[in-house]
Amino acid sequence: MDQLGRLKQLLSEISDLHAIAELLQWDQQTMLPSGAAPGRAEQLETLERTIHRRSQSAALGRLLDKIPENTGSPEDQALLRRARRDFRKHAAIPVALAGKIAATSARATAAWLQARETDDFRILAPHLEKLFSLKREYAGCFPEAETPYDALLDLYEEGMTTRELDPLFAELRREQTALVRAWSNSAAPLPALPPGSFPATRQRALSRRVAIALGYDTAHGRLDEVEHPFTITIGSGDVRITTAIKPGQPLSALFSTIHECGHALYEQGINPAFDRTPLADGASLGFHESQSRFYENQLARSKPFWEYFYPALQRSFPAVRSLALEDFMRIINNVEPSLIRTEADEATYNLHILLRYELERGILDQTVRVADLPELWREKMREYLGVIPETDRDGVLQDIHWPGGDFGYFPTYALGNLIAGELREKMLRELPDVEAAIRNGDFQLLREYLRREIHRFGAQFTPRELHLRLFGTEKISAQPYLRYLRGKFSHAS
Ligand code: ZN
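My numbering applies: residue 411 is where the sequence shown begins, and numbers increase by one.
See the structure below:
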């Protein structure tokens, strides 16, 4: 076997181990009896250690050193680039530090659950303090990054920097706070979803029907129920989605299924030749989120989508039979500043991200103290959204990211919105018939377009390269998304 063949062999074994870890995690979140949780944590830790060792093994390093850059096809060269990057990222971190971070975030996550239960941030604070300090150490392993925050951001969004984010986010802050203020000063009273029963079985059936109509392939996936929905790829040909049925929020399961479906269509659309390689992945978290948010918002809150699906919704839930489509559209496209990020509407969502970005940056460069987070959170909520959480559960304790050690992750959600905005304008230009197709229940035109332009490439291109291919520039622009928001939400002012 030649060197490239040997490299592919090593990478496919690492990829299989990842797939096994994903399966254990999927099981943990959907099926695992609670008494089996400690044993499962041990199994996952063993597996993670094995993966970590293999990912930075001397054999892999030697092979990556020896193979010349321009070996093989363009896909092979992309594989080499990606494998070298993954190897560098692993090898830069001392094993002891990686272990300490894993153990500390496991403890912090447990403390977070407890802190939420008693609404007491002080239970989490010392763990968070330690975790942030370890992550500063971690960032220090990448001296080429301009700031510690840049080193962490690059793990989720390759090549993105605070230098580029700052002006982009300043633009969002200025325009979206103005938009939200104008809306709340002038919006007419909103019709309400009529009271009535929205049985779980019907929510489940409708969610499934919509996912399949959008092109989700159930021969290579399944839909299950969990508390916090997610999408997970368990190796080749197995992309699973989950949803949560929430009492009192009858449309939540449907929209969350469509969101996860956007992620799953991306994964299911990747070139099968990339199976069992690190290229069987999205270009970045921002690109991944652009797909889910495109489906959830730009598509599933649009008039053409509901011109097709509204009769099915009305058949499922007699309560909405007397509700006009126009009123339904206003209900699902309302702007309302709220406390919880995951429930935020399109006009306010990015503001939740800005707040988190500013706070986590402050902690990493040590201008913000962990102890001050709850108060700073309330201040920024008042400033950006005009609402103040009464409890920390609805404030600083709402997300799992910080206790989980994911610092620098939040911006990718906002980037996803912006890329979705860019994509929408491009698609409407290049596929003038797409709205008519959607109105007729044909969602394949849209899916094939996204597959052709984005999905099939997997991680073959860096996010910057892919952005350049799609939009003629490496830089993400906020303007298309802001134009979309203004078009949709400023008519009331
Ligand atoms: Zn998502």
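Just so it is clear, CB atoms sit at the ideal spot from N, CA and C, and this is done for glycine as well.
Range of the contiguous beta strand (DSSP E) that encloses residue i
i	result
I914	As displayed, the chain neither begins before 411 nor continues past 903, which places residue 914 out of reach and without an answer.
T641	T641 to T643
Which of helix, strand or coil DSSP assigns to residue i
i	result
E539	helix
T777	coil
D475	helix
I848	helix
L633	strand
N681	coil
P714	helix
Q453	helix
L544	helix
L661	coil
V590	helix
D804	coil
T628	helix
N707	helix
D576	helix
G772	helix
N743	coil
T528	helix
M791	helix
K885	coil
A729	helix
E568	coil
Q724	helix
S666	helix
S465	helix
T460	helix
S617	helix
H638	coil
D782	helix
G367	For residue 367 there is no data in the structure shown, the boundaries of the chain being 411 and 903.
G897	helix
A602	coil
G796	coil
S646	coil
E581	helix
Expected contact under 8 Å - CB spacing of residue i and residue j to nearest Å
i	j	result
T822	E568	So it is not a contact: roughly 11 Å between Cβ atoms.
R650	G631	5 Å
R450	Q438	5 Å
S702	G672	4 Å
T687	L489	6 Å
G692	R857	So it is not a contact: roughly 16 Å between Cβ atoms.
D804	I750	7 Å
V797	S748	7 Å
G831	Y894	5 Å
A512	E458	7 Å
Q678	D627	5 Å
F738	Y720	7 Å
L534	A555	Rounded, the Cβ-Cβ distance is 27 Å, inconsistent with contact.
F817	K545	5 Å
W593	F899	6 Å
A621	V636	15 Å between Cβ atoms; not a contact.
Run of the alpha helix (DSSP H) containing residue i, from where it starts to where it stops
i	result
E554	Taken as a continuous stretch (DSSP letters only), E554 belongs to no alpha helix (DSSP H), as it is neither H nor E.
S702	L695 to R703
S748	Note, S748: premise wrong, no alpha helix (DSSP H); not H, not E.
F608	Neither: F608 is in no alpha helix (DSSP H) and is coded neither H nor E.
G814	No alpha helix (DSSP H) contains G814, which DSSP labels as neither H nor E.
L689	Looking at the DSSP string, L689 is not in any alpha helix (DSSP H), and its letter there is neither H nor E.
L431	The amino acid occupying residue 431 in the given sequence is Ala; Leu does not appear at that position. Note, A431: alpha helix (DSSP H), Q413 to T440.
Proximity test, Cβ basis, 7 Å: residue i and chain D
i	result
D437	In the displayed structure, chain D is absent; only one protein chain is listed.
Run through the stretch 817-880 for me and flag every whole alpha helix (DSSP H) of 4 or more residues, listed as ranges in chain order. Those alpha helix (DSSP H) runs which fall completely within the stretch 817-880 and span 4+ residues are 821-840, 844-849 and 854-863.
I need the residues with a C-beta less than 6 Å from some heavy atom of the ligand ZN; please give them in chain order. Chain-ordered, the residues whose CB falls short of 6 Å from any heavy atom of the ligand ZN come out as H669, H673, E699 and S702.
Counting only runs of 4+ residues fully inside the stretch 468-521, write out the alpha helix (DSSP H) ranges in chain order. Counting only runs of 4 or more, we get 468-476 and 484-501.
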